[in-house]
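Some notes on the structure that comes next.
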Amino acid sequence: MSEPRAAVAVTKPHAEEHAPGQDPRRWVILGVIAIAQLIIVLDSSIMNIALPAAAKDLDINAANLQWAITAYTLAFGGLLLLGGRIADYVGRKQAFIIGLVGFAGASAIGGLAVNQGMLFGARALQGAFAALLAPAALALITVTFTEGKERAKAFGVFGAISGGGAAIGLIAGGALTEYLDWRWCLLVNLPIALITVAVAIPVLKESKANGDTRFDIPGAFLSIVGLVALVYGFTEAAKPVTGADGIPGTRGWTDPVVLTWLAVAVVALVAFVFVERKVANPLLPLRIVLDRNRGASYLIFLLVGAGLFGMFLFMTLYLQNVLGYEPLKAGFAFLPFSIGIIVMAGIVAQLLPRVGPKPLMIIGLALASTGLLLLLNTTPTSSYFGSVFPALVVMSLGMAAVFIPASSTALVGVGGHDAGIASAVLNTSQQVGGSLGLALLNTFALTATADKLGDLIGAGGDPKSASVQATAQVAGFHVAYIGSAVMLILALLIAVVMISAKKDDLPSEGAIAA
């Protein structure tokens, strides 16, 4: 499971989008928006603890299990830019209502899933509606709160929800899975969303953006095809096969099916870049990503997402499948990570205007990669406080020192017209990075597990032995942790080489990073 960070712009609304004065129901509106945001963040984490139970119930194999997370994050990240455009052009209130109702319906489908395909499809549908709901919610805050101090307070609430919601999701997912059923991790969205819609309809006011309202449909199509093909290619490489000698293995990177999917991905993504260079109203304006500081920030968020999403999945499987934790206990086991980020975020927010973004990013990425490498101390018989707890604390302190500075450098040199799209690209980078990283790391982990299992069987081990299975799984997890650490080290190198912004360059109205 992932613990996504919300990175969103605080921009000045167009004067024509509001009536003069403050809306007397603005705090009720904020409550409605906060609940919607909480639902989105919860569903980014709540399913992680439920994965082992869902896999057992629906007979999902290890290679496909990551799709329960990837389907959501890939649809969310891949459609987020288009969702923001739709919300601006069709109307923020209308997009908010449609997004919330659709999210509730998709959650119900997932909760009633009878096979893995139905679950994965429902999760993708959730992500698609979340991509419509999230930018609409943010825009509604912007157009509702017109006074500076109140808007800052409103965005503070939004950021706190984004930061704390993932921790709530882990614990709620554990409680629902343990005491009810994993399906309630999805079904619980239905009553909450419908009540929120009933309150939202009479209190929200409609607003739309003016000017060019053309959609970049070819760009959206090519980006989704390219990303899905890339993730599917990674997944196919991890598909289990049994060799002629009877020893288990994986399909591998040279398999024709894998190479075909990867080729489709390359063609589609190259075509996407070509289209974005030519269309009048691109989904992703290339001027946004080609700036040195902004481009570096997006790459850092992509790599951080790739590294962290995998850590959460493999740590969930380690806690429940290897150490034997019940779901609720596994949820609480992640709590130090969330608390560490929340506490450290306050310190980083104070340091950022004094020391600038680059030193904080370097220290943060060094700490986070160190924390991931500390997970190499885990064994099938490790204690939580001896191996897992120190790693989570070190990682959390590091991540807080990355999210906030990188969110700010992503807006360096951006005018008011592009602030929204620049922040949306940042969030998209992390979601897409998480999707790609999770698929890639899962391939590495399963390949390493199969290799280790083959070695153990060759040495006379019983393939049905619980200790042999656990040893092989942990070996696979270790390879994934190394891969995650490598991604964060690459992000560290990018920060060292490419980030040039100083403290005086940071935007006064920057991004909220939770």
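Under this note's numbering, the residues of the sequence shown are numbered 3 to 516, in order.
From the three backbone atoms N, C-alpha and C, an ideal C-beta is built for every residue, glycine too.
Around the beta carbon of Pro193, fewer than 16 other beta carbons lie within 10 angstroms, which makes this residue exposed.
Residue range Arg28 to Leu60 is occupied by the alpha helix (DSSP H) that includes Ser47. Assigned with DSSP and collapsed to three states, Ser209 falls in coil, not helix or strand.
In the three-state scheme derived from DSSP, where H, G and I count as helix and E and B as strand, Asp218 is classed as coil. Counted as a single uninterrupted DSSP element, the alpha helix (DSSP H) harbouring Leu394 occupies residues Phe391 to Thr411. Note on Pro359: 16 or more other CB atoms within 10 angstroms of its CB, so buried under the neighbour-count rule.
With fewer than 16 neighbouring CB atoms inside 10 Å of its own CB, Val498 falls in the exposed class. Annotation for Gln128: the continuous alpha helix (DSSP H) segment containing it runs Gln118 to Thr146. In this structure, Ile496 lies near Ile302, with their beta-carbon atoms less than 7 Å apart.
Take the alpha-carbon of Phe391 and the one of Leu399: they are about 13 Å apart. Distances from the alpha-carbon of Phe334 to those of Val350, Ile35 and Met317 put Met317 closest. Going by beta carbons, Thr473 and Pro329 fall outside the 7 Å limit.
Every unbroken stretch of the alpha helix (DSSP H) spanning 4 or more residues and falling wholly within the stretch 270-324 is given here in chain order: 288-292 and 294-319.
One thing to note: Leu82 has its Cβ within 7 Å of the Cβ of Ala426.
In the displayed model, Pro338 falls within a helix according to three-state DSSP. Taking all protein chains in view, the Cβ of Leu325 is crowded by 16 or more other Cβ atoms within 10 Å, so the residue is classified as buried. Contact check for Gly297 and Val306: beta-carbon distance about 15 Å, past the 8 Å limit, so the pair fails to qualify. Within 10 angstroms of the beta-carbon of Ile197 lie fewer than 16 other beta-carbons, which makes it exposed. Within the stretch 173-202, not a single complete beta strand (DSSP E) segment reaches 3 residues in length.
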